[in-house]
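Residue numbers (UniProt numbering): 1 to 203. A virtual CB, placed ideally from N, CA and C, is assigned to each residue, including glycine. Structure, as structure tokens:
Okay, here's the thing in structure tokens:
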């Protein structure tokens with residue numbers, strides 16, 4: 001089964017923003033220990049949707065099911081499936097009237113982000129998003145430093161095209177040309193705050 005996570009941000013711009021519910025206020029710092037990047041993004045998307053800040057979802061991976069086992073009448077178990085086509089990026093949605101499309105990557109490397117973590121079809125997809133006026137980027141998390149950054153797709157595409165010269169993006173270059181996602185209580189990865197800075201520079 002494929003689950004869609006419920007998908008600041010200048011809250012004054014959002015006319016239908018609701019008062020934060022008690023549920024979104026009750027967050028334990030201990031609950032985030034060991035949380036991966038995807039979990040943090042999904043948690044943030046839940047918060048954004050619940051508080052009418054953005055509508056951003058994780059894209060489902062298209063698969064074709066070829067084998068199903070029925071151990072009981074009330075249960076079915078997929079025994080064989082294959083991917084229909086390569087996936088594009090991990091997330092997309094709408095924020096402040098802009099189409100948002102991005103991928104999320106983690107690395108334990110302390111000095112660089114290896115470009116082998118991405119695929120050519122993902123780069124082409126982000127280029128297509130930019131050509132239509134959308135906002136594209138990747139979120140890169142350096143797990144050793146517990147630091148996360150929004151790296152603009154325009155720079156990523158240029159780096160990819162020049163990968164014969166460099167097969168990775170240095171940590172220093174990412175720090176210089178990215179937008180660091182600040183630490184936060186709820187959500188733990190409040191990436192829209194960094195996106196606000198990026199959108200401000202674009203305008």
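Work out the CA separation of residue 71 and residue 137 for me, nearest whole Å.
In the chain shown, counting from the first residue as 1, residue 137 sits at position 137. In the chain shown, counting from the first residue as 1, residue 71 sits at position 71. The straight-line gap from Cα to Cα measures roughly 44 Å.
How far does the beta strand (DSSP E) with residue 104 in it extend, from its first residue to its last?
Taking the chain shown and counting its residues from 1, the one referred to as residue 104 is at position 104. Unbroken beta strand (DSSP E) run through residue 104: 98-107.
Buried or exposed: which applies to residue 159, given that a residue is buried once 16 or more other Cβ atoms fall within 10 Å of its Cβ?
To locate residue 159, count along the chain shown from 1; it is residue 159. Buried, by the Cβ-count rule.
Give the C-beta separation of residue 102 and residue 139 to the nearest angstrom, bearing in mind that I take them to be a contact with Cβ-Cβ under 8 Å.
Taking the chain shown and counting its residues from 1, one reaches residue 102 at position 102. Taking the chain shown and counting its residues from 1, one reaches residue 139 at position 139. About 6 Å separates the two Cβ atoms, so the contact holds.
Given a cut-off of 9 Å, decide if residue 193 and residue 135 are closer than it, judged by their beta-carbon atoms.
Taking the first residue of the chain shown as 1, we reach residue 135 at position 135. Taking the first residue of the chain shown as 1, we reach residue 193 at position 193. Contact flag unset, no.
According to DSSP, simplified to helix, strand and coil, what is residue 69?
As a first step, residue 69 must be located in the chain shown, where it is residue number 69. Of the three classes helix, strand and coil, the one that applies to residue 69 here is strand, per DSSP.
Once the 5 residues before and after residue 129 are set aside, which same chain residues still bring their CB inside 6 Å of it?
For this step, residue 129 is matched to residue 129 along the chain shown. Here the set comprises 101 and 136.
Closest residue to residue 37 among 203, 196, 189 and 199 (Cα-Cα distance)
Start at 1 with the first residue of the chain shown, and residue 37 comes out as number 37. When each option's Cα is compared against that of residue 37, the closest is 189.
Would you grab the beta carbon distance between residue 179 and residue 198 for me? Rounded to a whole angstrom, and I think it's under 8 Å.
Your numbering for residue 179 matches position 179 in the chain shown. Your numbering for residue 198 matches position 198 in the chain shown. Their Cβ separation, rounded to whole angstroms, is 5 Å, which keeps residue 179 and residue 198 in contact under 8 Å.
Under a three-way DSSP split, which group does residue 57 fall into?
On the chain shown, position 57 is the one that residue 57 refers to. DSSP places residue 57 in strand when its eight states are reduced to three.
Suppose the cutoff is 8 Å on Cβ atoms and the five residues either side in sequence are ignored; what does the same chain contact list for residue 191 look like?
Taking the first residue of the chain shown as 1, we reach residue 191 at position 191. Answer for residue 191: 41, 44, 139, 148, 150 and 181, listed in chain order.
DSSP state of residue 189, grouped into three classes?
The residue given as residue 189 occupies position 189 in the chain shown. Strand at residue 189.
Run through DSSP, which three-state label would residue 161 get?
Here the question's residue 161 lines up with position 161 in the chain shown. Correct three-state label for residue 161: helix.
Indicate whether residue 106 and residue 143 have their beta-carbon atoms separated by less than 9 Å.
Numbered from 1 along the chain shown, position 106 holds the residue referred to as residue 106. Numbered from 1 along the chain shown, position 143 holds the residue referred to as residue 143. Closer than 9 Å, so yes.
Which one or two residues does DSSP pair with residue 92 in a beta bridge?
By one-based count along the chain shown, residue 92 stands at place 92. Per DSSP, 57 and 101.
Can you check whether the CB of residue 96 is closer than 9 Å to the CB of residue 54?
By one-based count along the chain shown, residue 54 stands at place 54. By one-based count along the chain shown, residue 96 stands at place 96. Result yes, Cβ atoms of residue 54 and residue 96 sit closer than 9 Å.
From residue 15 to residue 196, what does the alpha carbon distance come to, in whole angstroms?
As a first step, residue 15 is located in the chain shown; it is residue number 15 there, counting from the start. As a first step, residue 196 is located in the chain shown; it is residue number 196 there, counting from the start. With a pLDDT of only 42 at residue 15, under 50, the local geometry of the prediction cannot be trusted, and the value read off the model is given with reservation. Each residue's Cα considered, the two are about 17 Å apart.
Determine the contact status of residue 115 and residue 184, defining contact as a CB-CB distance below 9 Å.
For the purposes of this step, residue 115 is taken as the residue at position 115 of the chain shown. For the purposes of this step, residue 184 is taken as the residue at position 184 of the chain shown. No. Outside cutoff.
Span separating the alpha-carbon of residue 200 from that of residue 69
Position 200 of the chain shown, counted from the first residue, corresponds to residue 200. Position 69 of the chain shown, counted from the first residue, corresponds to residue 69. Approximately 52 Å, taken between the alpha carbons.
Can you tell me whether residue 162 is buried or exposed, with buried defined as 16 or more other CB within 10 angstroms of its CB?
As a working note, residue 162 is residue 162 in the chain shown. By the neighbour-count rule (16 or more Cβ atoms within 10 Å), residue 162 is not buried but exposed.
Which of the three DSSP states is assigned to residue 22 in this structure?
Indexing the chain shown from 1 puts residue 22 at position 22. Summary for residue 22: the model assigns pLDDT 41, below 50, so the residue's position carries little reliability; its value from the coordinates is reported in the next sentence. Residue 22: helix per DSSP, three-state reduction.
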